[in-house]
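For reference, the structure is listed below as structure tokens.
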Amino acid sequence: MVFGVMIYSSVNNRIDEIYNVLEVATLGIADTYSESLVHFTDAKEIATELLDERINVVSEAIVLLGLEADKAKIEEITQKLNVDVINIYNEDTEIIASNVDEFIGFVPSLEHPVMKFVESYERSYVEDIRVNAVDGLYYKFGYIKREDGTIIQVGVLAENIHKFTNRFEIQQLIDNIVTRDGILDALFIDSSHNITAHSFPSDEVAFVHDYGNLENLAKNVIQIENCEYHGYDVLQASAPLYYGNDYQGTLAIIWPTNMVDTEIRSIIRSGILEFLVIMTIIVSILFYAYRKNISNVKSAYYDKLTGLPNSLYLEEFLNKEIQELENKTRAVLMLNCKNFKTLNMTYGFKYGDNILIQIAENIKKSLNKDEMLFRFNADRFVLVLGDYDRKEALKDRARYLIKKFKEPLNGDSKYEYISAQVSILEIVDHEMTADRVLQDLSLAISNINTSSVDQIEFFNESMETNIKRQDIIENTIKDVIEGRDYSSIYLNYQPKIDILKNQLVGFEALARMKDKELGFVSPLEFIEIAEKKLLIYELGNYILEAACDFTNNLVKNDFENFRIAVNISLIQIMREEFLDDVRKILKAKKTDSKLLEFEITESAIVDNLEIINKKLIELKDIGITIALDDFGTGFSSFARLHSAHIDTVKIDRYFIDRLDKYDSGNLITSDIISMSHKLGLSVVAEGVESSEQLDYLKKHDCDIAQGYLISKPLTEKDALLYAKSFKT
Ligand code: C2E
Ligand code: CA
Ligand code: CA
């Protein structure tokens, strides 16, 4: 469209020339006309695909304009054509002129895409989007050879592609046409004979309806007629727009002729005719390409649902922002819809989609000029902020956005509040990458305590230290389960004694990590990481194998009637192949299943009772007993316990701790013991630290005790010695 305007202005300039030097009139308009037509027919042929078409047309336009190696002119044209870079290569393929200084002097290597083009017989060439060697940004480049051997290169930044294609709209075209001196009005009539764009003032809409004979105007021939319009003598020029064989509509332009000498009227007529022909051809190409472009560019860089730029766009945008940081302050906010998944599950995906659309709309409306909103993924948005002065300003902005999330959405009776969380990151150095920024923001989100009042978190270094620590732990676990490291993870064994008989009944196997870099790491920490990183299944098998080895060792030393308890995570038992793998390991280790017990936490069993119960039955069939670990913390009722296929209840340390301190603790604990006995379950008390606790447990018939009072967890060697000492 801008191109069209330029062509028009060049025609307009020529009309001026005609005014000044009448003999130029003899130039033969028809000649120019046919020449232009040939150029644009070329352009049309070259314009093959989508964006390529656009870039090609623009390149063609530049060739037609006879662009010189003059920076000011190049800059002017980049602006007018809405492209980011225009370079001129000389015959030796060196950039001799550009709107961007860094490009000047660039000589492509032999492998560079432009070289193939130079050597080819092609006249024009459009590349795929790629990183440019000079500034490291993503561009789409097009090239066109000129007759003098120079090459024009046109580049559009990936993030500007949308702007570039979006600029083409019929109404904008019309608006632009009438900003030029000389033209009174312009209008576009679509293929159904409706005026879809016009420059008439709004109070003359009636006039628009009466305007001419639309059907006559929309005839598929170029027409120039003398008319009277607002008391002026005018020339009304109209031309049909085609793409291929498809009629797209008619462009009509109203020119004044009353100030012009009759002598040159005919010349102007020809000028108008030329302009019109050129215009209609360009518009036809663009009109068609535009429709296709929009959908293609949109699917690559825009989110279909919300219409917001997507994560691909975000990444490119951020990388560019980081490079151009200089002394500016830049911050990025990540917005997370906390309960989106639940709402989706409860009300369905349509409802969820609708919520996202409306949230996007709500936030978009409240954006400041230099802010940009992206849809990062399913339920996360990212806002890139402009300049800000204080950290507190960022927090205010975050609070405001959280409030926006809570605004009721249109026409939704069952609307439930979306609760939002926001993480904030300030970009301070050039070393950052978009990837890192987004990773850090996600990390900060996961760090927000769901129950805290302020659901806002700044990314900070300690999170990063924490991440590094997690990475080290994750790698150590991987090394162990993949057989590269045999010593960093091992088991300790904590004795369990029969309270009444004062006999050793077994040990609980407790995993230990001694990392080369970090030293001792608590199982509370590394087991959680193993679970989060989906390594717990393999690690669990590794632990089970080690426990089998220890069990075998005890057997070899003539111990019998004991059980080694192994802690099993929910994720392990839920895995389909869990039982098969347990059988395989027992078989490979030749370990008697009757010497093993699995400890599974109360909450894991109770929350998944139906699925887990089936597995528990099978485990019992194999001969492995089941202990309900941490009992009392999972809020299960005894009624539910009854239906769970377990053998033992392990009263959580919390209740044992309270035995010395509170009477109520005494009451609850004795109740748990007697109720469990009624259900036929044996009872283990864990974390027994004092003889008073042990006395109480003895008095209330608790079966087994485990805790520091009896022994701390021991190394395999010490555990064996401990067992031997018990025997004699
Ligand atoms: P848990 O299964 O409840 O294990 C008991 C924890 O209490 C152990 O901590 C043990 O050292 C500690 N403990 C034992 N007696 C006393 C005592 O008298 N006083 C006090 N204050 N503490 C005592 P540890 O070894 O740090 O293990 C912590 C948790 O890590 C375990 O809790 C278990 O949930 C998990 N874990 C440990 N090893 C494994 C494993 O091999 N697999 C899985 N899935 N989880 C494990
Ligand atoms: Ca345990
Ligand atoms: Ca426990």
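For the sequence shown, this note's numbering assigns the number 2 to the initial residue and increments by one for each residue that follows.
Idealized CB from N, CA, C, for every residue including glycine.
Because the structure is a prediction, the values reported are computed rather than measured.
{"Asked": "Check whether Ser424 and Phe460 have beta carbons under 8 Å apart", "Found": "yes"}
{"Asked": "Cβ-heavy atom distance, Lys713 to ligand 5, below 7 Å", "Found": "Among the ligands modelled here, namely ligand 1, ligand 2 and ligand 3, ligand 5 does not occur."}
{"Asked": "Cβ-heavy atom distance, Ser570 to ligand 1, below 7 Å", "Found": "yes"}
{"Asked": "Inter-residue spacing [alpha-carbon to alpha-carbon] between Asn340 and Gly708", "Found": "41 Å"}
{"Asked": "Cβ separation of Ile565 and Gly507, assumed to be a contact under 8 Å, to the nearest whole Å", "Found": "6 Å"}
{"Asked": "Beta-carbon proximity list for Lys699, same chain, < 8 Å, skipping 5 on both sides", "Found": "Ile500, Leu501"}
{"Asked": "CB contact flag (Ile75, Leu68, <8 Å)", "Found": "yes"}
{"Asked": "Pairwise C-alpha distance: Thr307 and Gly349", "Found": "17 Å"}
{"Asked": "Local Cβ density within 10 Å of Asp615, reported as buried at 16 or more and exposed below that", "Found": "Here residue 615 is Lys; the residue named in the question, Asp, does not match the sequence. Classification of Lys615: exposed, given that the 10 Å Cβ count is below 16."}
{"Asked": "Alpha-carbon spacing of Tyr389 relative to Gln359, whole angstroms", "Found": "27 Å"}
{"Asked": "Reduced DSSP secondary structure (H/G/I, E/B, other) of Phe504", "Found": "It should be noted that the sequence gives Gln, not Phe, for residue 504. Gln504 falls in the strand class under three-state DSSP."}
{"Asked": "When Cys338, Ala73, Lys497 are compared against Ile457, the one with the closest alpha-carbon", "Found": "Cys338"}
{"Asked": "Where the alpha helix (DSSP H) containing Lys718 begins and where it ends", "Found": "717-728"}
{"Asked": "Under the three-state DSSP convention, the category Ile613 falls into", "Found": "helix"}
{"Asked": "Beta-bridge pairing of Leu236 - partner residues as DSSP gives them", "Found": "Asn227, Trp256"}
{"Asked": "Under 8 Å between C-beta atoms of Leu660 and Tyr697", "Found": "yes"}
{"Asked": "Validate contact between the region 342-356 and the region 320-327 using beta carbons, cut 8 Å, 3 pairs", "Found": "no"}
{"Asked": "Near ligand 1: Leu698 beta-carbon under 7 Å from a heavy atom", "Found": "no"}
{"Asked": "Contacting residues, own chain, Cβ-Cβ under 6 Å from Ile647 (five flanking each side not counted)", "Found": "Ile627, Leu629"}
{"Asked": "Inter-stretch contact (C-beta, 8 Å, three-pair minimum) for the region 588-596 and the region 547-560", "Found": "yes"}
{"Asked": "Near ligand 3: Asp658 beta-carbon under 7 Å from a heavy atom", "Found": "no"}
{"Asked": "Coil, strand or helix - Lys515 by DSSP", "Found": "strand"}
{"Asked": "Length-filtered (4 minimum) alpha helix (DSSP H) runs lying within the region 315-389", "Found": "341-348, 350-366"}
{"Asked": "According to DSSP, residues forming a beta bridge with Glu458", "Found": "Ser424"}
{"Asked": "Nearest neighbour of Ser110, chosen from Thr477, Ala98, Val135, Asp129 [CA to CA]", "Found": "Val135"}
{"Asked": "Endpoints, the beta strand (DSSP E) within which Asn88 is located", "Found": "86-90"}
{"Asked": "Cα-Cα separation between Leu571 and Glu316, rounded to whole angstroms", "Found": "37 Å"}
{"Asked": "Nearest-angstrom Cα separation, counted from Ser671 out to Asn562", "Found": "27 Å"}
{"Asked": "Rounded Cβ spacing between Glu600 and Lys651 (contact assumed at less than 8 Å)", "Found": "7 Å"}
{"Asked": "Contact test: Glu509 Cβ vs ligand 2 heavy atom, cutoff 7 Å", "Found": "yes"}
{"Asked": "Same chain, Cβ closer than 6 Å to Phe727, neighbours up to 5 away in sequence not counted", "Found": "Leu505"}
{"Asked": "Nearest to Gln603 (by Cα), restricted to the options Lys588, Thr151, Ile569, Leu336", "Found": "Rather than Gln, the amino acid found at residue 603 in this sequence is Glu. Nearest C-alpha to Glu603: Ile569."}
{"Asked": "Member of Leu536, Asn320, Gly484 whose CA lies at the smallest distance from the CA of Val438", "Found": "Asn320"}
{"Asked": "Given 8 Å, three or more beta-carbon pairs between the region 468-479 and the region 357-372", "Found": "no"}
{"Asked": "Where Met335 falls, given that 16 or more other Cβ within 10 Å makes a residue buried", "Found": "buried"}
{"Asked": "Arg564 - partner residues in DSSP beta bridges", "Found": "Gly507"}
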